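*Asks:* So for the sequence shown, full-length UniProt numbering puts the first residue at 1; every next one is plus one. Ideal Cβ placement from N, Cα and C applies to all residues, glycine included. Computed from a predicted structure; not experimentally measured. I have a structure I would like to understand better, so I am pasting it below and will then ask my questions one at a time.
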Amino acid sequence: MFRTTRLAAAALAALTITGAAAVPAGAAGHRPVSRPQVVISQVQYNAPGRGDRALDNEWVTVTNNGRGRVDLSRWTLSDSARHTYRFGHVVLGARQSVRVHTGTGRNTTRDLYQDSRGSIWDAHDTAILRDAAGHVVASKSWGTRHR
1 MFRTTRLAAA
11 ALAALTITGA
21 AAVPAGAAGH
31 RPVSRPQVVI
41 SQVQYNAPGR
51 GDRALDNEWV
61 TVTNNGRGRV
71 DLSRWTLSDS
81 ARHTYRFGHV
91 VLGARQSVRV
101 HTGTGRNTTR
111 DLYQDSRGSI
121 WDAHDTAILR
131 DAAGHVVASK
141 SWGTRHR
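In structure tokens, the structure reads:
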């Protein structure tokens, strides 16, 4: 009887170890590493030209790489000098982008305007995207100070 109990205990231990190894990492309380859903995908800084034309050609593109819609309402986009643009009621569809221009213009689903009279994105800068709670969602730096 003692031998039967030992065999049963060994078999149970082997099944427990095998079962634990078969559980996916996500089920064990670990989150899988995933690509960020909303990113700063492109930046055009120090745009060529003068006046309003140059400001309209200075922009940051925000892209939703996810499969679902993302509500950007009350999200902010800022630079290292703390110039801040607050998104109004903007919903970014799956795999869609919106370009935030420095200058003035008419907002559309693809282009938004900060209505700034001066350049925002400098040759050495950082664009920071924060959600409505103020958490950093994405950032992108450029220029020699950021290498």
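I'd like to check one pair, N64 with Q96: are the Cβ atoms closer than 8 Å?
*Replies:* Here the question's residue 96 lines up with position 96 in the sequence shown. Here the question's residue 64 lines up with position 64 in the sequence shown. In contact: Q96 and N64 (Cβ atoms closer than 8 Å).
*Asks:* Measuring only the C-alpha atoms, how far is S73 from A47?
*Replies:* Residue numbering aside, residue 73 sits at position 73 when the sequence shown is read from its first letter. Residue numbering aside, residue 47 sits at position 47 when the sequence shown is read from its first letter. Cα to Cα, the separation comes out at about 27 Å.
*Asks:* If you run the structure through DSSP and keep just helix, strand and coil, what is A54?
*Replies:* On the sequence shown, residue 54 is found 54 positions in, with the first residue counted as 1. Helix.
*Asks:* What residues are listed by DSSP as bridge partners for N107?
*Replies:* On the sequence shown, residue 107 is found 107 positions in, with the first residue counted as 1. N107 pairs with nothing; no bridge assigned.
*Asks:* Beta strand (DSSP E) containing H101: first to last residue?
*Replies:* The count along the sequence shown starts at 1 and reaches residue 101 at position 101. First-last of the beta strand (DSSP E) with H101: S97 to H101.
*Asks:* Do L55 and G134 count as a contact pair if the criterion is CB distance below 8 Å?
*Replies:* Walking along the sequence shown from the start, residue 134 turns up at place 134. Walking along the sequence shown from the start, residue 55 turns up at place 55. No, the Cβ-Cβ distance between G134 and L55 is not below 8 Å.
*Asks:* Less than 8 Å between C-beta atoms, sequence neighbours within five positions excluded: which residues of the same chain meet that for residue 152?
*Replies:* The first residue shown for the chain is 1 and the last is 147, placing residue 152 beyond what the model contains.
*Asks:* Closest by CA to R99, which one among S141, D122 and V62?
*Replies:* Position 99 of the sequence shown, counting from 1, holds the residue named residue 99. Of S141, D122 and V62, the residue nearest in Cα terms is V62.
*Asks:* How would you write the range of the beta strand (DSSP E) that L129 sits in, first residue to last?
*Replies:* The residue labelled residue 129 in the question sits at position 129 within the sequence shown. Counting along the chain, the beta strand (DSSP E) containing L129 begins and ends at D125 to R130.
*Asks:* Y45 lies in the beta strand (DSSP E); which residues open and close that run?
*Replies:* Residue numbering aside, residue 45 sits at position 45 when the sequence shown is read from its first letter. Per DSSP, Y45 belongs to no beta strand (DSSP E) and is neither H nor E.
*Asks:* For S78, which residues from the same chain have a beta carbon less than 6 Å from its beta carbon, with the 5 sequence-adjacent residues on both sides left out?
*Replies:* For the purposes of this step, residue 78 is identified with residue 78 of the sequence shown, where counting begins at 1. So the list reads T84 and I128, once near-sequence residues are dropped.
*Asks:* Tell me whether A71 is buried or exposed, calling it buried when 16 or more other Cβ atoms sit within 10 Å of its Cβ.
*Replies:* Taking the sequence shown and counting its residues from 1, one reaches residue 71 at position 71. Rather than Ala, the amino acid found at residue 71 in this sequence is Asp. Answer is exposed; the Cβ neighbour count stays below 16.
*Asks:* Should V60 go down as buried or exposed, given a rule of 16 or more other Cβ atoms within 10 Å for buried?
*Replies:* Taking the sequence shown and counting its residues from 1, one reaches residue 60 at position 60. It counts as buried.
*Asks:* Taking the continuous beta strand (DSSP E) assigned at R86, which residues delimit it?
*Replies:* Taking the first residue of the sequence shown as 1, we reach residue 86 at position 86. Run containing R86: T84 to R86, per the beta strand (DSSP E) assignment.
*Asks:* What does the Cβ neighbour count give for D125, buried or exposed, with the cut at 16 atoms within 10 Å?
*Replies:* On the sequence shown, position 125 is the one that residue 125 refers to. Per the 10 Å Cβ criterion, buried.
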